[in-house]
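With my numbering as the guide, the letters of the sequence shown map in order to residues 54 to 988.
Notes follow once the structure below has been shown.
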Amino acid sequence: MTLPAPHRLLLLAMLLSGLAAATGAASDGWPLTAEGLAPDPAWVWGRLDNRLRYALRKNAQPAGHVSLRLAVQVGFAHETKSERGFAHFVEHMAFNGTTHHPGETLLADLASHGVALGPELSAFTFLTHTLYGLDAPSAAPADLDRWFTVLRDFGDGIQFDPKQVKRERGVISSETRDRQSPGSRSDAARRLFLYPLSALSNPIEGDVEAADARSLRAFYDKWYRPERMILVAVGDAEPAQLEAMVRRHFDSLRARTAEAPRFDPGFIENAPKGATQVVHDDKVSGLNLEVISVLPRDGADSLAGRRRWLAGNLLVYMLNVRLGQIVRAHPDKLFQLGVQSGFPTPYSVETLIRFSAPSPEWKFALTTAEQELRRSFEYTFRPAEIAEARAAVLAAGEQQAKEAATEKSSGLAGNAMQAALWDFVLTAPDLNLRQTREWLPQIDALEINRAWRSLWQEGRAGIFGFGYFPLLNADAIVSNAFQESLARPVAPPEPKKAVPFAYTDFGPPGQIRRREHLPELDVELIEFANGVRVNLKRTTFEAATVHLTARLGRGQSTEPADRPGLAPLASSALLNGALGQHPPEELRSILSASNLSLNFGCLETFFSFHGQAASTTLDRLLQVLGAFLTDPAWDAEGVTLARTQLATYCHDLDFTPEGIITQNAFRLLTGGDTRYASPTADQVKARTMEDLQGWLGPALRAAPLEIGLVGDFALEPTVELLARTVGALPARNPADATERPVVFARSQAEHTFRFRGEPQRAGIEVVWPVEHYDDIRVSRRVEVLSAILAGRLRRKIREDLGATYAPSVTEWKSEADPGSGYLIAYLTVKPEMVRRVTKLMVDIAHGLARKGITAAELAEARAPILDRAISDQNDNAYWVRHIMSKIQSQPAVRRWPLTRIPDLRAITTADLNQLAEATLKSSRAITFAALPEGK
54 MTLPAPHRLL
64 LLAMLLSGLA
74 AATGAASDGW
84 PLTAEGLAPD
94 PAWVWGRLDN
104 RLRYALRKNA
114 QPAGHVSLRL
124 AVQVGFAHET
134 KSERGFAHFV
144 EHMAFNGTTH
154 HPGETLLADL
164 ASHGVALGPE
174 LSAFTFLTHT
184 LYGLDAPSAA
194 PADLDRWFTV
204 LRDFGDGIQF
214 DPKQVKRERG
224 VISSETRDRQ
234 SPGSRSDAAR
244 RLFLYPLSAL
254 SNPIEGDVEA
264 ADARSLRAFY
274 DKWYRPERMI
284 LVAVGDAEPA
294 QLEAMVRRHF
304 DSLRARTAEA
314 PRFDPGFIEN
324 APKGATQVVH
334 DDKVSGLNLE
344 VISVLPRDGA
354 DSLAGRRRWL
364 AGNLLVYMLN
374 VRLGQIVRAH
384 PDKLFQLGVQ
394 SGFPTPYSVE
404 TLIRFSAPSP
414 EWKFALTTAE
424 QELRRSFEYT
434 FRPAEIAEAR
444 AAVLAAGEQQ
454 AKEAATEKSS
464 GLAGNAMQAA
474 LWDFVLTAPD
484 LNLRQTREWL
494 PQIDALEINR
504 AWRSLWQEGR
514 AGIFGFGYFP
524 LLNADAIVSN
534 AFQESLARPV
544 APPEPKKAVP
554 FAYTDFGPPG
564 QIRRREHLPE
574 LDVELIEFAN
584 GVRVNLKRTT
594 FEAATVHLTA
604 RLGRGQSTEP
614 ADRPGLAPLA
624 SSALLNGALG
634 QHPPEELRSI
644 LSASNLSLNF
654 GCLETFFSFH
664 GQAASTTLDR
674 LLQVLGAFLT
684 DPAWDAEGVT
694 LARTQLATYC
704 HDLDFTPEGI
714 ITQNAFRLLT
724 GGDTRYASPT
734 ADQVKARTME
744 DLQGWLGPAL
754 RAAPLEIGLV
764 GDFALEPTVE
774 LLARTVGALP
784 ARNPADATER
794 PVVFARSQAE
804 HTFRFRGEPQ
814 RAGIEVVWPV
824 EHYDDIRVSR
834 RVEVLSAILA
844 GRLRRKIRED
854 LGATYAPSVT
864 EWKSEADPGS
874 GYLIAYLTVK
884 PEMVRRVTKL
894 MVDIAHGLAR
904 KGITAAELAE
914 ARAPILDRAI
924 SDQNDNAYWV
934 RHIMSKIQSQ
944 PAVRRWPLTR
954 IPDLRAITTA
964 DLNQLAEATL
974 KSSRAITFAA
984 LPEGK
């Protein structure tokens with residue numbers, strides 16, 4: 054598989070996580086070192102005689118697990134014209150027959166040991182490398198041997214059976230169709246514009262018919278060489294044990310051809326006088342445009358380079374603050390406006406200012422972007438801006454240093470591999486923090502300005518745009534508008550004043566009405582006199598971090614039938630508007646150094662806040678929550694911005710098969726209930742701030758409220774803090790039992806939709822009603838049955854037929870009608886195959902209902918689910934979202950963590966056969982087909 058968005062910048066913030074910005078070509082040193090920069094001593098580094106490099110580390114987060122990464126330094130950029138798509142094809146063939154796993158046996162074997170494709174086993178092809186990942190549930194010696202065998206087979210054991218190659222062509226063609234989107238077209242055009250004389254502009258797709266077993270093996274043998282490989286292993290095993298595994302499995306790896314040609318990325322730099330290109334696409338609404346500077350990397354990692362990038366990071370932060378304020382001041386003219394800088398590849402540096410806007414407002418947006426960029430060059434930033442940026446960057450660095458003690462193995466492995474591929478010195482978190490603390494007070498406005506200017510070449514920035522822009526001579530029109538803007542002077546920025554947070558006093562601390570300790574879960578349940586319920590669980594899973602959820606009211610179930618779209622609008626409009634005493638930019642400035650986040654959403658039966666904070670700033674997170682409950686701003690600009698963005702999203706649903714199904718399937722499954730349908734763009738535009746305030750306001754002020762806190766906090770001081778904040782709020786009303794009932798479809802039906810997008814893509818969704826979903830035992834068995842059905846769809850439709858790339862099966866469970874839910878299968882195919890594949894999907898499910906499953910299928914499906922259930926016991930996100938958010942209002946939840954693992958282990962084939970027979974018969978299938986117009 055390829056990365057969905059190949060153009061992902063490594064942001065300047067990576068400095069704080071130890072991935073400091075090197076600015077040179079790859080070094081032969083291993084590990085990479087520089088004056089004053091020593092590699093993190095927690096790692097063991099080595100190089101085999103065959104020149105394969107490795108990095109190893111012991112880490113017991115999570116206990117008993119191990120994370121492995123194998124990178125091969127070959128990607129799309131290394132392909133010749135006759136090899137287009139070969140790197141990606143080779144990656145696919147790694148799962149279609151290797152020395153120790155012939156044919157398609159690899160996925161089944163790994164799944165039976167708890168490793169499923171997607172969550173634990175992955176592969177991606179990038180421009181400059183191919184990356185294989187394996188996150189395994191056991192670090193026992195026999196299992197380590199199994200995992201390392203898999204990676205060694207990827208290195209030199211891919212078989213390239215001609216029959217497998219022929220079949221995989223269809224899968225890759227399907228993946229290519231799935232990628233035919235405005236985003237992929239924009240990326241291809243953008244890279245060709247920015248890198249016209251570089252291999253970095255190579256297309257990521259090729260002619261699959263040109264690839265045969267012989268040519269693929271030749272490409273594989275040429276590039277999959279030990280000196281081009283990097284292996285990272287992190288987990289609950291001693292480095293000596295991991296190193297022995299590396300040597301046992303990779304010492305004998307040998308290059309199979311003469312040394313591969315040295316890779317030359319070609320010319321990387323801005324055009325001498327800049328350039329402009331705007332690509333029109335009638336499948337989208339709005340226009341994305343960026344002013345961008347591209348430079349080659351021209352130096353090694355160094356202390357001076359790190360300091361320069363830290364200064365640049367401060368400027369990026371400050372400029373984004375200014376740009377965010379502009380977006381909120383003009384919500385009808387700008388969707389987004391921001392600046393970033395970083396390394397999309399190991400060979401290039403990109404610095405840009407980018408906006409997204411309604412197409413008619415392109416000139417306003419372009420002028421705004423140009424003038425703010427020029428203002429950042431011509432005037433230094435104000436002392437108050439610099440002070441805020443320093444505080445925010447330092448707070449982030451301090452929190453990252455604290456969290457490093459409990460970082461999971463998968464994250465550590467990813468960071469180490471990123472450092473190796475991009476030629477960074479992977480320094481220890483404490484060193485990174487010491488450098489940050491030392492340099493931040495020293496970096497002044499002039500140093501910040503110099504660092505920023507070094508990323509741009511005056512008069513040579515390019516302009517690239519993509520979107521709906523049907524104008525003749527579009528390039529010249531945009532270029533001329535940019536030059537006109539350059540001729541206008543810009544004024545210095547307005548001074549900024551610091552403002553204290555206004556919401557620290559909520560009245561007398563609340564009294565505790567009831568308090569209970571559940572020893573079996575080690576959780577504390579509290580109900581305050583005002584009716585607010587709080588559930589607390591202390592953990593050490595993430596150092597210095599606390600997670601929060603807050604459930605209140607009845608959510609989307611109360612959305613009025615004559616005001617569709619209110620729920621999704623509220624999900625972004627509430628926080629957009631900030632607070633009565635603090636407009637958005639002021640609130641953001643106040644919270645900039647607080648290391649906290651807060652999100653809001655409208656779910657089926659409740660409104661939800663979800664947040665996270667450093668342990669030291671939990672008080673501020675609770676104050677912010679209390680402020681939004683008591684004094685949201687109901688800001689007109691915030692509502693307008695949310696409405697514009699949501700209307701654009703809803704409009705664009707018409708252009709993809711998954712979009713048109715998202716828009717319509719649940720509307721039909723609920724008999725036209727607007728609460729379950731994605732609104733139209735016109736419906737969203739009709740919603741007003743008064744609609745939102747009248748619907749959501751009463752729930753925020755007085756609806757039943759249950760809060761979950763999970764993480765690293767002291768119990769009694771936190772209880773006191775809760776009493777001073779949410780415990781001091783006005784009394785909550787009892788639960789409102791009145792609601793508009795929903796009726797879910799349970800009868801066989803067929804539906805077809807037409808969308809206006811890619812003519813070579815179609816989508817199929819098949820839905821089966823599930824009965825008795827309110828029984829947690831049924832829910833767990835549906836999860837396993839879902840995995841079994843997904844496996845059969847993958848084998849029959851992807852592997853045997855080659856008709857699709859990524860079939861998925863998900864479960865949806867209603868809280869409004871707890872006994873109801875659906876098993877949902879989705880995939881994409883060619884339009885001419887819709888009827889055939891729809892029938893095949895229904896027949897495959899019916900086969901499960903009629904003939905049952907095998908013991909091997911149960912083992913393969915259950916093992917990864919069971920492993921994730923075991924891991925969830927030590928995962929804050931699981932506890933806060935699924936247990937602590939509702940443990941008082943839904944007492945049955947108390948048993949879930951205790952029964953989940955034994956219940957999964959107790960599932961039998963007879964259980965699943967009974968469930969399949971009741972659920973998956975063809976007479977119960979509801980099908981949705983999405984076809985392009987004219988097909």
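Ideal Cβ positions, reconstructed from N, Cα and C, are used throughout, including at glycine.
This structure is a prediction, so every number in the text was calculated from the model and none was measured.
Local conformation of residue i per DSSP, three classes
i	result
Tyr370	helix
Arg566	strand
Gly816	strand
Asn103	coil
Lys849	helix
Ala982	strand
Asp528	helix
Arg830	helix
Lys336	coil
Pro349	strand
Gln495	coil
Met742	helix
Phe320	coil
His600	strand
Tyr556	coil
His166	coil
Ile713	helix
Tyr248	coil
Burial state of residue i, where buried means 16 or more other Cβ atoms lie within 10 Å
i	result
Thr489	buried
Asn648	buried
Arg696	buried
Asn526	exposed
Gln609	buried
His663	buried
Leu368	buried
Arg106	buried
For residue j and residue i, the rounded distance between their alpha carbons
i	j	result
Gln536	Gly512	10 Å
Glu258	Arg137	6 Å
Glu986	Glu711	14 Å
Arg361	Arg503	9 Å
Arg847	Lys892	15 Å
Ser624	Ile714	21 Å
Arg61	Ala626	Low confidence applies here, because Arg61 scores a pLDDT of 32, under 50, leaving its location unreliable; read the following figure in that light. One C-alpha to the other measures close to 28 Å.
Trp509	Gly327	11 Å
Ala945	Ser668	30 Å
Tyr273	Pro318	20 Å
Pro884	Leu699	29 Å
Ala313	Val127	11 Å
Minimum C-alpha distance to residue i - residue among the options
i	options	result
Arg381	Phe316, His704, Asn255 and Arg641	Arg641
Arg205	Ala971, Leu372, Met282 and Gly377	Met282
Glu913	Thr961, Leu493, His899 and Gly872	Thr961
Leu682	His600, Phe660 and Ala667	Phe660
Ala843	His166, Gly171, Lys461 and Ala87	Gly171
Arg243	His333, Pro279 and Gln495	His333
Asn629	Ala689, Ala614 and Gly467	Ala689
Contact belief for residue i with residue j at Cβ below 8 Å, rounded distance in angstroms
i	j	result
Ala730	Leu838	Contact flag wrong, Cβ pair sits at about 27 Å.
Met470	Val285	5 Å
Glu612	Ala620	5 Å
Thr881	Arg230	7 Å
Asp528	Val331	6 Å
Contact test: residue i Cβ vs the ligand PLP heavy atom, cutoff 8 Å
i	result
Met371	The model depicted lacks the ligand PLP and carries no ligand whatsoever.
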